[in-house]
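Last residue of the sequence shown: number 369 in the UniProt record's numbering, and the count goes up by one each step with no gaps.
Cβ atoms here follow ideal geometry from the backbone N, Cα and C, with glycine treated the same way.
These numbers come from a predicted model, not from an experiment.
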Amino acid sequence: MFDDLDTDRRPLVLVWEVTRACGLACRHCRADAQPRRHPDELTTAEGKRLLEDAAEFGDGQLVVLSGGDPLARDDLTELVAHGDDLGLRMTITPSGTRSLTPERVRDLGDAGIARMALSLDGSTRERHDAFRGEESYADTVEAAHAARDAGIPLQVNTTVCADTVDDLPAIRDRVRELGAVLWSVFFLVPVGRGRVLDPVSPERAEDVMAWLHEVSDEERFGVKTTEAPFYRRVGIDRASDGEPDGAAKRRGGITAGRGFAFVSHTGEVYPSGFLPEPAGDVRERSVVDVYRNADLFESLRDPDGFSGKCGACEFRHVCGGSRSRAYAATGDPTGSDPLCPYVPEGYDGPLPERQRGETADGDRPEPAD
Numbered sequence: 001m002f003d004d005l006d007t008d009r010r011p012l013v014l015v016w017e018v019t020r021a022c023g024l025a026c027r028h029c030r031a032d033a034q035p036r037r038h039p040d041e042l043t044t045a046e047g048k049r050l051l052e053d054a055a056e057f058g059d060g061q062l063v064v065l066s067g068g069d070p071l072a073r074d075d076l077t078e079l080v081a082h083g084d085d086l087g088l089r090m091t092i093t094p095s096g097t098r099s100l101t102p103e104r105v106r107d108l109g110d111a112g113i114a115r116m117a118l119s120l121d122g123s124t125r126e127r128h129d130a131f132r133g134e135e136s137y138a139d140t141v142e143a144a145h146a147a148r149d150a151g152i153p154l155q156v157n158t159t160v161c162a163d164t165v166d167d168l169p170a171i172r173d174r175v176r177e178l179g180a181v182l183w184s185v186f187f188l189v190p191v192g193r194g195r196v197l198d199p200v201s202p203e204r205a206e207d208v209m210a211w212l213h214e215v216s217d218e219e220r221f222g223v224k225t226t227e228a229p230f231y232r233r234v235g236i237d238r239a240s241d242g243e244p245d246g247a248a249k250r251r252g253g254i255t256a257g258r259g260f261a262f263v264s265h266t267g268e269v270y271p272s273g274f275l276p277e278p279a280g281d282v283r284e285r286s287v288v289d290v291y292r293n294a295d296l297f298e299s300l301r302d303p304d305g306f307s308g309k310c311g312a313c314e315f316r317h318v319c320g321g322s323r324s325r326a327y328a329a330t331g332d333p334t335g336s337d338p339l340c341p342y343v344p345e346g347y348d349g350p351l352p353e354r355q356r357g358e359t360a361d362g363d364r365p366e367p368a369d
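Structural data, given as structure tokens:
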């Protein structure tokens, strides 16, 4: 549907953080979720107006309802149904809690949810719950089965950091067993509670990217990365004819502000939930106008204006680097992505701090079966 998407005009993904309330307090939470709803959250009427504005992007605009835990809102199915009536492709990323009962899952499906994404950060109960600091594995698996029974396609989201990277092959097996249609692999950005976790090294990240391309070739489910756009460069490098593989072609150039936008629970518009620099407010300005015309968004859609090695890289238009990670590392969203180990030929400018003098990460074993 979006192969020819004009990312200057519309995002591939529009995320609305409907609330920050959540029954969990996971160690890596971007949102630093809280037990109770914020009094200034967008109201039902304001949320419906946001969805009506989003429909102006065009037919089938993808909207992800995120949190916190979206199920903390008692108007959730009403909002889903309204978006579905507008022709939006409504999807959701609920928390793995006991509130996500089979009945709630069926209600979401009846209201028009087109896909459900659940987080799985360990291949076993012990690994998953230890990583998240919460007991959510059993509830997550139960919700995955409920989604299958309700006919809702399942996406599995997994965080990659030092604590989880060695478990990725076993998590891949769980993704297959759960019947997921997509595995979304998120490479840690140090924001929110995630600042206390250790990322993988750039070299290890490169190894994981190559392995994920192998997984994509072998599995029936799709694979995509989040906040790791150099996955597309790795795809180009591994293609014998120098052309991008399927993932690079389908997802080429989708980064914060360029094919992606985020609306907070109180209405601020950001290029990404991991890039907390506001560009507007939906209570004052249409999300369409912010996405298309805000200076910050326009700057993020101009890879030729990036600084450092990302700006000099020949892959800057198909990759572009994680703008969120650049911002987290330097305060400059147009700077270099410190996770990418690639240095363009002939580039002699400054390198991100983590790459200076960095070589191997021990033996850096790749995830393997």
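In the DSSP assignment, residue 77 falls outside any beta strand (DSSP E) and lies within the alpha helix (DSSP H) extending over 76-85.
In this structure residue 15 touches residue 262 by the C-beta definition: roughly 5 Å separates them, less than 8 Å.
Between the segment 155-171 and the segment 121-136 there are three or more C-beta pairs closer than 8 Å, enough to call the two in contact. The alpha-carbon separation between residue 161 and residue 228 amounts to approximately 12 Å. In terms of Cβ geometry, residue 92 and residue 72 do not form a close pair [threshold 9 Å].
The three-state secondary structure of residue 283, taken from DSSP, is coil. Remark: C-beta atoms of residue 203 and residue 341 approach each other more closely than 9 Å.
In the DSSP assignment, residue 175 is bridged to no other residue. Under the three-state reduction of DSSP, residue 222 is assigned to strand. Residue state for residue 329 is assigned as helix, using DSSP reduced to three classes. In chain order, 185, 231 place their CB closer than 6 Å to the CB of residue 225, counting only its own chain and leaving out the 5 sequence neighbours on each side. Rounded to whole angstroms, the gap between the alpha carbons of residue 280 and residue 333 is 17 Å.
Under the criterion of beta carbons closer than 8 Å, residue 149 and residue 137 do not qualify as touching, at roughly 19 Å.
Going by C-alpha positions, residue 61 is about 33 Å away from residue 309. Exclusion of the five residues before and after residue 41 leaves 19, 265, 266 as the residues of its chain whose Cβ lies within less than 7 Å of its Cβ. Under the three-state reduction of DSSP, residue 307 is assigned to coil, being neither helix nor strand. With a cutoff of 9 Å on beta-carbon distance, residue 223 and residue 178 are scored as not near each other. By the criterion of a C-beta distance shorter than 8 Å, residue 152 is surrounded in its chain by 105, 108, 109, 113, 114, 115, 116, once the five residues flanking it on both sides are discounted. Within the segment 182-209, the complete beta strand (DSSP E) segments of 3 residues or longer fall at 182-187, listed in chain order.
For residue 49, the three-state secondary structure derived from DSSP is helix. Partner residues in the beta bridge of residue 270, as assigned by DSSP, are 262.
For the pair residue 205 and residue 315, the Cα-to-Cα distance works out to about 17 Å.
Looking at the backbone, the Cα of residue 89 and that of residue 349 are separated by about 43 Å.
When secondary structure is reduced to three states using DSSP, residue 92 falls in the strand class. For the pair residue 86 and residue 352, the Cα-to-Cα distance works out to about 44 Å.
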